[in-house]
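Number of protein chains: 2
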Amino acid sequence: MNYYKLLLKPQDVLVDVAEGRTLKEAMNDAGLVFDFPCGGRGTCGKCRVKISKGVGTPVAKEQELIPSKELDAGVRLACMTAVYNDLTVELPDQTKLQHHILIDSEKKDMQVDPHLKKVFVEVDKPSRETHSSDWRRLKKSLVKQGYMGSELESSVAILRQMPDLFRAANYRITAVMFENVVAGLEAQDTSKSMLGMAFDIGTTTIVGYLLDLYSGAELCVVSTLNPQTSFGADVISRLTFVGHEEKGLMKLQAAVVEAINKLIAEAAERAAVTRSQIYGISIAANTCMHHLFLGINPQSIAVAPYVPAVSEPLVVDALELKIDINQAGKVFVLPNIAGFVGADTVAVLLATELDRSEDVKLVIDIGTNGEIALGSRGKIVACSAAAGPAFEGAQISSGMRGAVGAIDHVYYRDKLEYTVIGGGKPLGICGSALLDTVAGLVELGIINKRGKFIAYEQLNDQAAKKYKENLIQHEGQGAFLLADAGITGHGRPIMITQKDIRELQMAKGAIAAGIRILMKTCGVETEDIKEVLLAGAFGNYLNPHSACAIGLIPEDLESKIQMIGNAAGTGAKLALLSLSQFRRAADIAETVDFVELGSYPKFNSIFGECTYFTVK
Amino acid sequence: MNYYKLLLKPQDVLVDVAEGRTLKEAMNDAGLVFDFPCGGRGTCGKCRVKISKGVGTPVAKEQELIPSKELDAGVRLACMTAVYNDLTVELPDQTKLQHHILIDSEKKDMQVDPHLKKVFVEVDKPSRETHSSDWRRLKKSLVKQGYMGSELESSVAILRQMPDLFRAANYRITAVMFENVVAGLEAQDTSKSMLGMAFDIGTTTIVGYLLDLYSGAELCVVSTLNPQTSFGADVISRLTFVGHEEKGLMKLQAAVVEAINKLIAEAAERAAVTRSQIYGISIAANTCMHHLFLGINPQSIAVAPYVPAVSEPLVVDALELKIDINQAGKVFVLPNIAGFVGADTVAVLLATELDRSEDVKLVIDIGTNGEIALGSRGKIVACSAAAGPAFEGAQISSGMRGAVGAIDHVYYRDKLEYTVIGGGKPLGICGSALLDTVAGLVELGIINKRGKFIAYEQLNDQAAKKYKENLIQHEGQGAFLLADAGITGHGRPIMITQKDIRELQMAKGAIAAGIRILMKTCGVETEDIKEVLLAGAFGNYLNPHSACAIGLIPEDLESKIQMIGNAAGTGAKLALLSLSQFRRAADIAETVDFVELGSYPKFNSIFGECTYFTVK
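Just so you know, the protein sequences line up as chains A and B, in that order. Heads up: the first sequence is residues 1 to 616, going by full-length UniProt numbering. Heads up: the second sequence is residues 1 to 616, going by full-length UniProt numbering.
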């Protein structure tokens, strides 16, 4: 896939955008706050931006809503402009180029305080008087910079560099310090340059953020499919692979490390930096991906009592993990909470600052597993709900990931309408459209409490009868047609089958049961919850009303829902930029109470209830 | 070369002996105290031992000195019995199977206190209540054993072992601890088994001692030629190789590591243990060998101001250096003092305890470089004298190392007599015989103060005239014939030439000047020096009288000379067995004052004087 550079003015933020993504999606992906009053449907005309470089032909909706003079000047709608070349876009001045969550954070926490520090020193030349060794003279220089001489440590790898480097650099040396350890040495004063990358390793997708460790500026974002998917789509199938395939663990580890190294190379190329300028990477991942990344057998996570091998935060030499950055580089691995609530949840909590919140908040990161946390300062409980892959479009007859060609939103208007990612012919539906569709079916009474299609003749709601054409039979059961074979990209119809609805019920039932059990555990009612923060790609994309209409999230909470983007990624960034945030992650992992849903009393009946729909 | 097992009774000490070495030499090599009143010449008949297994035919001197009944019972002279098969030897009961130096040491220091500790724990099984990770439960077990939970550390390599190992061992685990770091994990209780090896890496020879880290018992001794000799015989030629040959440094490092790994394998095989039972090795070496072993460029040692890259003691993972022992194993590298006074000298000082001595002592370790230390508790000065390889038989026309066929001692009796290592035909002379020969030439006035041969006609001493046959001409200059071509193993004459004497003058002049300068630096006279301790293979082998007669060591000190065997090896053993001794080594390296001879005022004239002989 091609990527283009999107330069956002006046903030001068550079974002890399996959071909065909809209400006709305690109800003959303980057976690930027921008207002789309009509939800990005191209109807309100409010999301105007000015494209000062690279502007293309306006689409019909833009011609309709924007005066031609402004069109000529490059004004476009962010929700309608797809990216097919490098663009420079001027945003309205008040646009906040930050995550919601970062805006809410106390400023002091965002102060950059990296784990690694660079210290430029002029080392004494060797002297006949003292016969002092290279290492001793370096220590002397570092003591002048405030280090404790007796605590300074080095390694054979560093000692090997000293003699030649010192002499070649005429004793002008930049030491890369990790606490009291000299982790790297460089010739001359390079103390102004230090980059890092934060990674969120998802079961399906790996996202990496290249950051300047001094300014905190994000230089670019890169992402790729987790190549472990070729060994198994979900956590359980990968655990099976580890158990049955010889050297399976090391194969999976090598695959993810290779993918990360490719992302590092890609990010370095795009930002026009070298890999050796990158000194640290941070890792947020679920417990299984965490263990696989480190090459630790994760199988104990899958069997009762579901304990991980390690939950503490780790700092590992990049060399040991074969991560291709500066040879002094470190890998900062966020801690896990339990077998199914991993470092990705810790990262989300780090970003959302639930541990510092006076208000009770509910945080949901929906992926193949839904990680849910509820609480405020003093007490947070978390659980993992096995939603399965329905929200990601898998196990759904016409399902697909949220890529070009996916129907992403569905609207029950005079007739059924939908939007397609990239704007072309539809190829399938992604999770957000599944939610929209089923929400409509529930609200129109087309399916009943148990999710079963009602025969057309028995429909009560007149509005429902408008969609007669969409109500079809498939394999002897009711189904709902979204796009006829004649208008799809592949010539097959796109529909929601009875089985698809069952899959969705399982998925939403798992999440809803998790929320209900956490609320019971905390003794919290919906009115006590001040905010619902939806994290993750899917959480960021769904229509909150649809989520509530199907009962994924309690209806009372609809108005409290906020999308917070890839909060796990944001947490990984925080942990990379700031030692104190990394330490805070350890405290979070230590104090969050894990609720194991499977052993919760009456879990099965609660889950069963939660698979139902609330029909008016 | 073949090696045979020598079992010494009643102490049950097993020593490995190279083919052809005498029992005297074998005991000497192993640092055992045994009395040879005639110096091992086979004349006094006092060094009787009983060979209860593997005895061979007695040599003439034994038949002469031992009654036939005793001969039949296996009684032999230790100085005359060469080893050509496995032997069991019964020593007189009073034989002390210890180094001199260890006898003198305070008992408490020999208490075994290894760096690595093994702790057997029964780790809690995983529980549904706590969801506590494997690592956390291991920490809990270690805390019960007195460790501080918050200070315990692990590594990815160890974490990788936990899940499978814990379950396979049913949570009965032995942790190998290095301070607060879990360095290794083993199934079940292996806490009773931990071995180590101490290495003395010489420029020419590498010696390794396999030790039980709990009892301190020595299981066997192995040695080999330093394979770096094929890249250069001495330190300077190896430095040149590093400077000129691509990847020269890494080639030299790989060579020494390979040799050490072979010695480890050999020692393990002989002692019937596995390499994985070996958890630590210690390294004593001169500064250049030290740097080459670690893969650190040593070239700065060779150019003014002669500083090493590192002087501090180091603890390195065996894996990092590719040392083939237990994967949790550590390498303990003794510290250097300066560019030419290395960790071997520190080891000698550790063994001789100069830093604790009330009396002033002079310690000399003669090799290609002579390391000399003088002092007592409170002040020790040390220097390195560039003796060159003459004492090792190199650069000497008929010279050879102290191996089978070497004339090792020379006696001026009615006619010239000598002993040959292994007892066969002579092939050359080694350093000790060179000393004996030249000492006689000096004492008989056959050479003058400047080392020049006097014409036979001008000899004053009647005794000298007895050796008329030996006084020959070679290439137009005087020379001294030791063995005529007709009686040597190779059919060439063995002699000492004028040039050989010049070489010896340079060598002994360097050492003597070093001693003189250290004495001046300390303000010490010969009468202040209570002991002269000669370390190293050559120091252990020379005739003290000869050494004083040629002026290598001041004559007044002759009666104070003690041979202390391979003290560098003993120091390496102490540093391996005891953490406190390893730390003491750091203190020694820190406090010993290094005197750089080359920059000492009037060094050249002092050296020049010291090359002269004192003729009566």
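By construction, the Cβ of each residue, glycine as well, lies at the ideal position given by its N, Cα and C atoms. As the structure is a prediction and not an experimental result, all values here were calculated from the model.
Nearest-angstrom Cα distance between residue i and residue j?
i      : j      : result
B/K559 : B/T204 : Here residue 559 of chain B is Ser; the residue named in the question, Lys, does not match the sequence. Distance between the alpha carbons of B/S559 and B/T204 is about 30 Å.
B/R48  : B/L77  : 5 Å
B/L557 : B/L294 : 39 Å
A/V592 : A/T368 : 22 Å
A/N286 : B/G146 : 33 Å
A/I173 : A/D189 : 6 Å
B/L225 : B/A157 : 34 Å
B/G423 : B/G20  : 8 Å
B/D414 : B/A537 : 30 Å
B/Q299 : B/R238 : 9 Å
B/R137 : A/A265 : 39 Å
A/K45  : B/S133 : It is Gly, not Lys, that sits at residue 45 of chain A in the sequence shown. Cα to Cα, the separation comes out at about 53 Å.
A/V257 : A/Q228 : 10 Å
A/N261 : A/A267 : 10 Å
A/G514 : A/T521 : 10 Å
B/D436 : B/L574 : 34 Å
A/V438 : A/F34  : 28 Å
B/G40  : B/I236 : 36 Å
B/K53  : B/L319 : 42 Å
Can the beta-carbon of residue i be found less than 9 Å from the beta-carbon of residue j?
i      : j      : result
B/F199 : B/A284 : yes
B/I337 : B/I588 : yes
A/G196 : A/L185 : no
A/P163 : A/L579 : no
B/K61  : B/G42  : yes
A/G202 : A/L576 : no
A/K330 : A/V310 : no
A/C383 : A/L597 : yes
Please tell me whether residue i has its Cβ less than 9 Å away from any Cβ of chain B.
i      : result
A/E106 : Model confidence at A/E106 stands at a pLDDT of 33, short of 50, so the residue's coordinates are unreliable; what they give is reported in the following sentence. So, not an interface residue.
A/Y306 : yes
A/A513 : no
A/L321 : yes
A/H131 : yes
A/A338 : yes
Does residue i come within less than 9 Å of chain A when only Cβ atoms are used?
i      : result
B/M162 : yes
B/L185 : no
B/L159 : yes
B/D156 : One point to set straight first is that residue 156 of chain B is Val, not Asp, in the sequence displayed. B/V156 counts as touching chain A.
B/H409 : no
B/V294 : According to the sequence provided, residue 294 of chain B is Leu. The question's Val does not apply to it. Closer than 9 Å to some Cβ of chain A, the Cβ of B/L294 qualifies, so yes.
List the endpoints of the continuous beta strand (DSSP E) containing residue i.
i      : result
A/D436 : Premise fails: A/D436 lies in the alpha helix (DSSP H), 431-443, not in any beta strand (DSSP E).
A/V592 : Looking at the DSSP string, A/V592 is not in any beta strand (DSSP E), and its letter there is neither H nor E.
B/Y279 : 278-285
B/V119 : 116-122
B/G184 : 181-187
With respect to the alpha helix (DSSP H) encompassing residue i, which residues constitute its N-terminal and C-terminal limits?
i      : result
A/E266 : 248-270
A/D500 : 498-522
A/S68  : 68-72
B/E218 : No alpha helix (DSSP H) holds B/E218; the beta strand (DSSP E) holding it covers 218-225.
A/Q562 : Premise fails: A/Q562 lies in the beta strand (DSSP E), 561-563, not in any alpha helix (DSSP H).
Quiz item: When the Cβ atoms of the region 272-280 of chain B are set against those of the region 299-311 of chain B, are three or more pairs found closer than 8 Å?
Solution: Proximity of the region 272-280 of chain B to the region 299-311 of chain B falls short of the contact definition, fewer than three beta-carbon pairs being nearer than 8 Å.
Exercise for review: Inspect the CB distances between the region 609-616 of chain A and the region 400-410 of chain A and report whether three or more fall short of 8 Å.
Suggested key: No, the region 609-616 of chain A does not touch the region 400-410 of chain A.
- Inspect the CB distances between the region 490-497 of chain A and the region 474-482 of chain A and report whether three or more fall short of 8 Å. Touching, yes, given that three or more Cβ pairs across the two stretches are closer than 8 Å.
Under 8 Å, with one C-beta from each stretch per pair, do the region 500-516 of chain A and the region 354-361 of chain A reach the 3-pair mark? No, they do not touch.
For the region 564-583 of chain B against the region 531-546 of chain B, are there 3 or more C-beta pairs whose distance is under 8 Å? Because the criterion of three Cβ pairs below 8 Å is met, the region 564-583 of chain B and the region 531-546 of chain B touch.
Examine the Cβ distances between the region 115-129 of chain B and the region 174-183 of chain B and report whether three or more of them are shorter than 8 Å.
When C-beta atoms of the region 115-129 of chain B are compared with those of the region 174-183 of chain B, three or more pairs fall below 8 Å, so the two segments count as touching.
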